[in-house]
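Take a look at the structure set out below.
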Amino acid sequence: MELAERFLLDALAYLECALGVLLSVRFNTVGFPYGRYTLPGSAWQLKATTAWVVQELPSLVVPLFVCVATAAERLRRWPNCVLLAMFVVHYIHRSLIFPFLIQGGKPTAWHLCAMAFMFCTYNGYLQSRYLSHYAVYADDWVTDPRFLAGGTLRNLKIIRSSEKL
169 MELAERFLLD ALAYLECALG VLLSVRFNTV GFPYGRYTLP GSAWQLKATT
219 AWVVQELPSL VVPLFVCVAT AAERLRRWPN CVLLAMFVVH YIHRSLIFPF
269 LIQGGKPTAW HLCAMAFMFC TYNGYLQSRY LSHYAVYADD WVTDPRFLAG
319 GTLRNLKIIR SSEKL
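Counted the way the numbering used here counts, the sequence shown spans residues 169 to 333.
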């Protein structure tokens, strides 16, 4: 079972990369009607705040469920904990804080919210299951200069974007 799931996680990760490339090409050539680009009279719409919470919440709930409902052996290792914590904190902000800071956000078509919900469920499963059951990092990995530099840059970006709110 473990080998089959590990293969599934690898396949899902490659699929996510391939879809990302294909969709970015499509969106850069055709465009995609969401947010400020929503077409007037589009399908059933959700308020921006509601759409953000609904579509982003799976990326928070799925990792928490995986941690509570499974053995999550790899989370006993410091690097795995740090990485999953960074993911969870990001989605706490994205699903429970940011939506309520939106001022005058445009409505979102329900089908776009549903697609984002599916992506966040998929991504939450992929990240949390891999980090909690399969990823192996050396214990000193979180003190490596590359990790520290990346974490510092990530946090500086968050601070800079927060200043714009």
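Virtual Cβ for every residue (Gly too), placed ideally from N, Cα, C.
Because the structure is a prediction, the values reported are computed rather than measured.
Minimum C-alpha distance to residue i - residue among the options
i       : options                            : result
Phe-175 : Arg-314, Asp-312, Tyr-302, Ala-317 : Tyr-302
Leu-252 : Thr-218, Phe-315, Ser-300, Leu-280 : Ser-300
Leu-187 : Leu-324, Arg-314, Tyr-290          : Tyr-290
Ile-265 : Thr-320, Leu-321, Ala-317, Leu-228 : Leu-228
Met-283 : Glu-170, Pro-226, Val-257, Thr-238 : Pro-226
Trp-220 : Leu-243, Val-236, Trp-278          : Trp-278
Gln-295 : Asn-196, Asn-323, Phe-233          : Phe-233
Thr-170 : Ala-239, Arg-194, Phe-200, Asn-196 : Here the sequence assigns Glu to residue 170, which means Thr is not the residue at that position. That would be Ala-239, whose Cα lies nearest to the Cα of Glu-170.
Phe-315 : Met-254, Ser-329, Thr-276, Ile-270 : Met-254
Ile-326 : Pro-275, Val-257, Val-310, Thr-276 : Val-257
Reduced DSSP secondary structure (H/G/I, E/B, other) of residue i
i       : result
Thr-276 : strand
Gln-271 : coil
Leu-190 : helix
Leu-225 : coil
Check whether residue i and residue j have beta carbons under 8 Å apart
i       : j       : result
Asp-307 : Pro-247 : yes
Tyr-182 : Glu-224 : no
Asn-293 : Val-230 : As written in the sequence, residue 293 is Tyr, which differs from the Asn given in the question. A contact, by the Cβ cut-off of 8 Å.
Leu-214 : Cys-288 : no
Gly-272 : Thr-217 : no
Arg-245 : Tyr-298 : no
Val-222 : Phe-285 : yes
Buried versus exposed, by CB contacts within 10 Å (16 or more), residue i
i       : result
Thr-192 : In the sequence as displayed, the identity of residue 192 is Ser instead of Thr. Per the 10 Å Cβ criterion, exposed.
Pro-313 : exposed
Thr-320 : exposed
Ala-172 : exposed
is_contact[residue i, chain C] using C-beta, thresh 8 Å
i       : result
Cys-288 : The chain inventory of the structure shown lacks chain C, comprising one protein chain alone.
Element boundaries [alpha helix (DSSP H), containing residue i]
i       : result
Trp-246 : 246-260
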